[in-house]
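Residue 267 in the numbering used here sits at position 222 of the sequence shown; the count goes up by one each step and never skips.
Following: one structure in C-alpha cells, then a few remarks.
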Amino acid sequence: MKVWPSFLSEYKTYLKLERGLSENTIVNYVLDVEKLIQFLVENKVEVSPIDIKEEQIQYFIYTISATLNARSQTRIISGLKSFFNYLIFEGYRNTTPLELIEVPKTGRKLPDTLSVQEIDLLIGGIDLSKDEGERNRAMLETLYSCGLRVSELVSLKISDLFFEEGFIKITGKGNKQRFVPIGSSTQKYILLYKDVVRSHLVIQKGHEDTLFLNRRGRQLTRAMVFTIIKDLAVKINLSKSISPHTFRHSFATHLLENGADLRSIQMMLGHESITTTEVYMHLDRKFLSEVLNSFHPRG
C-alpha cells in the first residue's frame, strides 16, 4: 500500500498547479481517495492505483452506501473519477475503473433562503454595545449585499476595497478573482468597523491587511462566522436552519425576484457555469405568473 501515498502526493501537486484549485477543494479531493485507501487497508486488499479493478471499486461503493446518503456517495465517486482520470492523463493507466459505475440519483436540493424581514431581524439582533457587534453587523451586511462565500468573507483584505469605484475584489474558488458591486450602506458599516473598532486592536503579524479580525487580532475562522449566525438565529427565535451560505442564497434569490438576469447574478456569485446559478430559480408560481403577465406580449 506504500505506493498510494506517492501517487496521492503527485495528484495534490497536479490539482494545485495544473488545475489551480483552492486548498479546501484539494483537501476534499484527497479525502475521497483516502477513504478508498482506508477501505483497502481494513480489508487487507493489497493493490496499487494502477492495478485496482472495477469490481474492487464497486465493492467499496457498496460498502459505503450502507452509511452514507446518495449525495455523499456521489461526492466520493466524483472525487475518485478525478483521481483515476489524472492517472490516465499522466499515462499510468489506460482506462478508469469507474467508467461503468453510475452515481446514485439525488434530488436537487433547493437552497434555503431568508426574507428581507428575516435578514433585518437577524442583523437587528446584534448587540452593538460590544466591539464585536460592529464587526458582526459589517460582516452580515457584506455577506448579504455582495453574495459572498464564507471563505471569501473571512479572507477579504482592506486592499480589496475599492469603495470610490463601488466594488470589492473577491478571490474565489481556484484563486479566481472577480469584482463585486457593494452598496453605500454596506460601505458605511465596513468603514465604521474598520475605523472605530478594528483600529484599536493589536493586530498580529501577517494579518495587517485582513479586514475582519477576532479579538486577538487574527483572521476569523469560518467556524466562528457559522457560530455568530447560529447564535443570532436562536436569539430572534428563527426556526429555519441557517448558515453563512443562506445569506448568499438569499442575495441571489432576491436579485432574481426583483428582475435581475441570471448572467449578471452568475458573474457576481463567481459561478463558472450558468447551470449552477439556475438553482436559484425556485420562485413560486404566483411570481412567475406576474412575470408572464408583465413582460410577455400575450400576457
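Just so you know, even glycine gets a beta-carbon here, dropped at the ideal spot from N, CA and C.
Rounded separation between T140 and I133 - CA only: Walking along the sequence shown from the start, residue 140 turns up at place 95. Walking along the sequence shown from the start, residue 133 turns up at place 88. If you draw a straight line from the Cα of T140 to the Cα of I133, it is about 7 Å long.
Euclidean distance between Cα positions of L386 and Q83: Any answer about residue 386 is impossible in this case: the structure gives the chain only from 46 up to 344.
Alpha helix (DSSP H) runs contained entirely in the stretch 200-286, provided each spans 4 or more residues: 229-237 and 267-280
Cβ-Cβ distance between L173 and E179 below 8 Å: Locating residue 173 in the sequence shown gives position 128, counting from the first residue. Locating residue 179 in the sequence shown gives position 134, counting from the first residue. For L173 and E179, yes; Cβs fall inside 8 Å.
Where K89 falls: helix, strand or coil (DSSP): Your numbering for residue 89 matches position 44 in the sequence shown. If DSSP states are grouped into helix, strand and coil, K89 belongs with coil.
Given 8 Å, three or more beta-carbon pairs between the stretch 70-84 and the stretch 118-127: yes
Extent of the continuous alpha helix (DSSP H) to which H294 belongs: On the sequence shown, residue 294 is found 249 positions in, with the first residue counted as 1. P289 to E302 is the extent of the alpha helix (DSSP H) around H294.
For F128 and S54, the rounded distance between their alpha carbons: The residue given as residue 54 occupies position 9 in the sequence shown. The residue given as residue 128 occupies position 83 in the sequence shown. Going by the C-alpha atoms only, they are around 11 Å apart.
Assumed close pair H294, T158 - CB separation to whole angstroms, cut-off 8 Å: In the sequence shown, counting from the first residue as 1, residue 294 sits at position 249. In the sequence shown, counting from the first residue as 1, residue 158 sits at position 113. Contact flag correct, Cβ pair sits at about 5 Å.
For L206 and V247, the rounded distance between their alpha carbons: Within the sequence shown, residue 247 is the residue found at index 202, counting from 1. Within the sequence shown, residue 206 is the residue found at index 161, counting from 1. Their Cα atoms are separated by approximately 21 Å.
Per-residue DSSP class, three states only, for D157: In the sequence shown, residue 157 corresponds to position 112, counting from 1. Coil.
Local Cβ density within 10 Å of L236, reported as buried at 16 or more and exposed below that: The sequence position of residue 236 within the sequence shown is 191, counting from 1. It is exposed - the Cβ of L236 has fewer than 16 other Cβ atoms within 10 Å.
Element boundaries [alpha helix (DSSP H), containing E186]: Along the sequence shown, read from residue 1 onward, the residue named residue 186 stands at position 141. First-last of the alpha helix (DSSP H) with E186: D176 to C191.
Segment contact, 8 Å Cβ cut-off, at least three pairs: the stretch 191-203 with the stretch 212-220: yes
Cα-Cα separation between E144 and I102, rounded to whole angstroms: Sequence index remark: in the sequence shown, residue 144 carries index 99 (1-based). Sequence index remark: in the sequence shown, residue 102 carries index 57 (1-based). Cα to Cα, the separation comes out at about 11 Å.
Spatially closest choice to I146 from L113, F105, Y137 and P289, by CA coordinates: Residue mapping note: residue 146 aligns to position 101 of the sequence shown, counting from 1. If you compare the alpha carbons of L113, F105, Y137 and P289 with that of I146, the shortest gap goes to F105.
Opening and closing residue of the alpha helix (DSSP H) in which E144 lies: If you number the sequence shown from 1, residue 144 lands on position 99. DSSP places E144 outside any alpha helix (DSSP H), giving it a letter other than H or E.
Helix, strand or coil at D329 according to DSSP, with G and I counted as helix: Mapped onto the sequence shown, residue 329 falls at position 284. Note on D329: pLDDT 44, under 50, position unreliable in the model; the coordinate value appears next. Correct three-state label for D329: coil.
Counted within 10 angstroms of its Cβ, other Cβ atoms place I164 as buried (16 or more) or exposed: Looking up residue 164 in the sequence shown gives position 119. With 16 or more other Cβ atoms within 10 Å, it is buried.
Cβ pair S286, G228 closer than 8 Å: As a working mapping, residue 286 is identified with position 241 in the sequence shown. As a working mapping, residue 228 is identified with position 183 in the sequence shown. In this structure, G228 does not lie closer than 8 Å to S286 by Cβ.
4-residue-minimum alpha helix (DSSP H) runs that sit fully inside the stretch 64-109, ordered along the chain: 68-87 and 99-109
Sub-8 Å separation of I273 and S288 beta-carbons: If you number the sequence shown from 1, residue 273 lands on position 228. If you number the sequence shown from 1, residue 288 lands on position 243. No; because the gap between Cβ atoms is not below 8 Å, this pair is not in contact.
E317, enclosing alpha helix (DSSP H) - first and last residue: If you number the sequence shown from 1, residue 317 lands on position 272. Element bounds for E317: n/a, residue is neither H nor E.
As assigned by DSSP and simplified to three states, the class of T58: Reading the sequence shown from its first residue, position 13 is the one you call residue 58. DSSP places T58 in helix when its eight states are reduced to three.
Limits of the alpha helix (DSSP H) - the one that G124 falls within: The sequence position of residue 124 within the sequence shown is 79, counting from 1. Element bounds for G124: A115 to F134.
Expected contact under 8 Å - CB spacing of V195 and V270 to nearest Å: In the sequence shown, residue 195 corresponds to position 150, counting from 1. In the sequence shown, residue 270 corresponds to position 225, counting from 1. About 5 Å separates the two Cβ atoms, so the contact holds.
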